[in-house]
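Reading through the structure tokens given below for one structure.
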DNA sequence: CTGAAAGCGCTTACAG
DNA sequence: CTGAAAGCGCTTACAG
């Protein structure tokens with residue numbers, strides 16, 4: 215009966231012998247300000263409740279040019295990092311009265327651009343985007359139009375926007391320093407091809423730590439893989455790092471999935487972790503504490519990041535009622551486990 | 215310019231000096247069947263493309279009573295199992311021309327019921343639901359109304375519907391047999407409180423395997439935790455199983471998250487896995503092959519499950535063009551790793 | 001306080 | 001082949 219016996223506004227109006235206007239007003243909590251009698255209001259509300267009235271969102275959205283919906287565009291909903299963001303964003307948005315529309319760009323800038331347009335056409339009221347960072351034009355358009363949006367996890371350095379990101383530079387520096395403090399000197403970095411600012415910052419953090427310890431930068435120790443093909447490339451990368459005995463005594467992996475496949479490969483090669491090669495991971499998987507060895511990781515504040523993004527967005531949608539800082543760089547946390555040995 | 219310079223149907227019609235009807239027809243690929251000249255069609259299509267015309271989905275949906283959208287209701291988008299389903303469903307649906315609306319029920323039947331209604335109000339054309347299995351009434355309503363939907367991962371045994379699930383009984387039986395073949399005889403089961411059919415089947419599979427080996431069922435070895443509070447309860451549960459020396463020589467965990475927290479607890483107690491206690495997991499986490507020890511797991515065919523669900527649903531939405539089996543029980547796969555020792 | 005009316009942007013018989 | 005018109009279900013000035 216959910217579909218068939220649908221009640222419409224006009225049905226309520228007819229049955230109760232009031233105008234559609236009155237019904238609409240009351241059901242939108244505008245009864246008092248329009249001085250509709252308490253009696254009439256109660257009558258309408260009771261009837262609506264009893265008959266399970268729910269307004270057709272399409273009609274409502276079309277009429278008001280609004281939808282009480284926000285869009286979330288992420289690279290990939292299957293990735294644990296982004297699915298956690300999705301979960302927190304959904305929860306927070308729901309608490310504030312908004313539904314969220316998710317979509318994955320699969321790191322494809324064209325698809326991301328399409329998604330942005332498609333979401334606008336669905337009349338979302340705002341957008342949270344973990345961008346491929348290759349859609350500056352679209353981002354600028356949104357800004358021009360004063361369309362509310364906030365970038366999450368990844369931002370554009372050459373455009374002033376709302377954003378919530380993590381401090382990639384310091385996270386990466388801290389974890390590299392951790393290896394240095396433990397006496398490691400030949401530190402490899404397995405990362406992605408630059409393009410994402412976050413990845414660039416992780417590289418810079420690594421540099422900076424080495425620099426503080428007066429260690430000359432050896433570019434042979436930095437391997438940049440492609441996003442699409444990292445699973446194959448990592449074998450070569452690790453082969454490269456281990457080409458000569460003692461060429462490397464530790465590896466920083468700059469994403470959780472690089473860590474997973476990297477560790478898998480190290481195990482296949484019977485490399486002892488951490489004795490021969492210590493490893494650390496930027497970002498983690500939920501089982502990293504159970505892995506052999508438990509992996510020292512930089513943990514990102516996913517929940518805070520998500521909540522703050524939603525707060526900034528909805529505050530803007532609702533007309534800047536509160537004074538919230540609209541650019542945020544959050545601290546990560548180093549979780550020390552056993553993949554680097556001990557002091 | 216995405217928002218402001220929006221082009222509407224009437225703009226195109228006016229500029230090109232044709233009717234709105236013509237524009238709408240052509241843009242919906244009904245130009246030929248309405249015998250609109252190739253010339254006019256080309257003119258319209260070119261103009262639309264050039265000016266980035268995208269129809270307002272709200273208006274279109276309202277007018278047609280359709281939305282080219284399907285809804286996916288899952289317990290929790292943050293859970294890796296469901297986020298994978300979401301990813302595959304999104305991909306498959308997109309390939310077939312549909313957008314998907316996700317929402318998490320958080321295992322709350324009321325919320326699930328609300329979500330169903332809310333999605334209907336957004337005019338989704340069909341629903342894929344991993345249900346809490348406590349909304350039989352809503353499910354029956356959908357059936358009565360002939361509203362297209364398919365249950366995924368969890369189905370109602372007392373209602374005939376479309377569904378795609380995994381063979382929980384045999385998956386569980388196989389993994390229990392695996393332990394038996396390795397000589398384990400005191401096999402604990404850490405599972406959830408019954409309620410979900412899948413969980414019930416896993417229990418029955420466990421029973422059946424024990425039965426085949428003439429092992430008397432000991433109910434002290436089966437511990438049923440609550441979904442909300444399993445993290446705390448698991449400590450007690452494992453304490454219970456290990457209360458007496460040699461009370462248990464192996465444990466079957468019936469979900470991936472129970473395995474994670476269980477193994478964490480076993481490690482905390484310095485129980486040697488698999489020497490003292492072997493463990494197996496129903497369903498897995500992506501790092502289970504890296505865990506210490508790598509965990510023998512029942513792997514669910516998530517991708518197939520998702521794809522088939524979408525196929526069944528869209529086939530029904532589009533009027534049963536193809537003859538597809540509408541109830542499917544898929545095989546799981548036992549991935550033998552090291553958490554049970556070897557023969 | 002109320003009701004008739006216009007409008008949101010599209011689709012789709014229907015008459016020509 | 002084309003165009004005027006009604007309709008999807010709601011919201012919201014506006015006149016009373």
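Chains as they are written, first to last, in the working numbering: chain A, 215 to 557; chain B, 215 to 557. Yeah, the Cβ is synthetic: ideal placement off N, Cα and C, and Gly gets one too.
Residue pairing by DSSP places residue 542(A) opposite 378(A) in a beta bridge. In terms of Cα proximity to residue 378(B), the closest of 223(B), 556(B), 538(B) is 538(B).
DSSP places residue 291(A) outside any alpha helix (DSSP H), giving it a letter other than H or E. Shortest Cα-Cα distance from residue 374(A) to any of 384(A), 382(A), 353(A) involves 353(A).
In this chain, the alpha helix (DSSP H) harbouring residue 526(A) covers 516-531. Counting only the Cα atoms, residue 475(A) lies some 27 Å from residue 489(B). It is roughly 15 Å from the alpha-carbon of residue 231(B) to the alpha-carbon of residue 221(B).
Looking at the DSSP output, residue 284(A) sits in a beta bridge with 314(A), 340(A). In the DSSP assignment, residue 438(B) falls within the beta strand (DSSP E) that extends over 436-439.
The residue from 392(A), 393(A), 431(A), 386(A) with its alpha-carbon nearest to that of residue 416(A) is 386(A). At least 7 Å separates the CB of residue 533(B) from every CB of chain A.
Residue pairing by DSSP puts residue 496(A) in a beta bridge opposite 512(A).
Looking at the DSSP output, residue 465(A) bridges to 402(A), 493(A). With fewer than 16 neighbouring CB atoms inside 10 Å of its own CB, residue 433(A) falls in the exposed class.
Assignment of residue 487(B) by DSSP, reduced to helix, strand and coil, places it in the coil class.
Closest in alpha carbon position to residue 470(A), among 363(A), 511(A), 305(A), 448(A), is 511(A). Assigned with DSSP and collapsed to three states, residue 549(B) falls in strand. Along the region 469-503 of chain B, going in chain order, the ones with a CB nearer than 8 Å to a CB of chain A are 474, 477, 478, 481, 499, 500, 501, 502, 503. Any Cβ of chain A closer than 7 Å to the Cβ of residue 506(B) would place that residue at the interface, and such an atom is present. Secondary structure at residue 389(A): helix, using DSSP grouped into helix, strand and coil. With its beta carbon less than 7 Å from one in chain B, residue 268(A) belongs to the interface. Put simply, the CB of residue 316(B) is near chain A, with a gap under 7 Å to one of its CB atoms. Under the Cβ criterion of 7 Å, residue 271(B) is counted among the residues facing chain A. Residue-level contact by beta carbon fails for residue 513(B) and chain A, as no gap is shorter than 7 Å. Considering only beta carbons, the part of the region 288-299 of chain B lying closer than 7 Å to chain A consists of 290, 291, 292, 294, 297, 298, in chain order. Listed in chain order, the alpha helix (DSSP H) runs fully inside the region 240-286 of chain A are 252-264, 271-278, counting runs of at least 4 residues. Collapsing the DSSP output to three states places residue 366(A) in a strand.
Annotation for residue 335(B): the continuous alpha helix (DSSP H) segment containing it runs 323-335. For the region 516-527 of chain B, the set of residues with a beta-carbon nearer than 8 Å to any beta-carbon of chain A is empty. A check of alpha carbon separations from residue 473(A) across 243(A), 484(A), 505(A) identifies 505(A) as the nearest. For residue 335(A), the nearest beta carbon of chain B is closer than 7 Å to its own beta carbon.
Closer than 7 Å to the CB of residue 331(B) there is at least one CB belonging to chain A. Note that the region 284-303 of chain B does not touch the region 277-284 of chain A; fewer than 3 beta-carbon pairs, one per stretch, sit closer than 8 Å. The beta carbon of residue 304(B) sits closer than 7 Å to some beta carbon of chain A. Under the Cβ criterion of 7 Å, residue 276(A) is counted among the residues facing chain B.
If the five residues before and after residue 237(A) are omitted, its C-beta is found closer than 7 Å to the C-beta atoms of 223, 226, 227, 258, all from its own chain and listed in chain order.
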